[in-house]
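Peer 1:
In my numbering, the protein residues as written are 19 to 158.
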């Protein structure tokens with residue numbers, strides 16, 4: 019599983035999953051905190067569709083952490099003030115970079131969490147479409 023997909027699942031899904039995966043690594047290998055979770059601002063880049071040019075929409079608050087496990091550095095960045103989640107993401111990232119055997123067992127859990135995220139999105143979208151107005155049926 020690619021890093022981007024894995025991170026999106028862990029951020030959008032239940033934070034307990036990230037905590038569980040990180041704790042399973044900490045219990046066996048331990049870790050060294052390079053940068054403790056800290057808040058910062060980052061610029062949000064958007065593409066303007068008419069001219070197809072990039073511009074900076076503004077700033078967003080993020081929490082960042084860096085962790086080292088077996089000489090491999092993992093990074094966790096998340097929007098908002100979520101220090102524990104950023105640390106857990108960094109631990110999981112470092113575990114994947116170090117090719118720890120536990121990471122092979124996580125694939126099924128991550129795929130299941132992704133399915134739950136997709137189902138929740140579909141349910142939310144269905145609720146949204148219930149409130150949509152059909153202007154074709156309105157009398158003038």
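By construction, the Cβ of each residue, glycine as well, lies at the ideal position given by its N, Cα and C atoms.
Kindly list the residues whose CB is nearer than 7 Å to the CB of residue 29, restricted to its own chain and excluding five residues on each side of it in sequence; keep chain order.
Peer 2: Cβ neighbours of residue 29 beyond the five flanking positions: 96.
Peer 1: Mind checking whether residue 98 and residue 108 have CB atoms under 9 Å apart?
Peer 2: Not closer than 9 Å, so no.
Peer 1: Report yes if the CB atom of residue 84 is closer than 9 Å to the CB atom of residue 136, and no otherwise.
Peer 2: No. Outside cutoff.
Peer 1: If the criterion is Cβ atoms closer than 9 Å, does the pair residue 81 and residue 113 meet it?
Peer 2: Result no, Cβ atoms of residue 81 and residue 113 do not sit closer than 9 Å.
Peer 1: Report yes or no: do three or more beta-carbon pairs, one from the segment 117-125 and one from the segment 35-53, lie closer than 8 Å?
Peer 2: At 8 Å Cβ cutoff, the stretches touch.
Peer 1: Use the C-beta contact count for residue 76: other C-beta atoms within 10 angstroms, 16 or more gives buried, fewer gives exposed.
Peer 2: It is exposed - the Cβ of residue 76 has fewer than 16 other Cβ atoms within 10 Å.
Peer 1: Count the C-beta pairs between the segment 32-41 and the segment 124-134 that are closer than 8 Å, then say yes if the count reaches three, no if not.
Peer 2: Short answer: they touch.
Peer 1: Please report the distance separating the alpha-carbon of residue 89 from that of residue 66.
Peer 2: Taking the straight line joining both Cα atoms gives about 41 Å.
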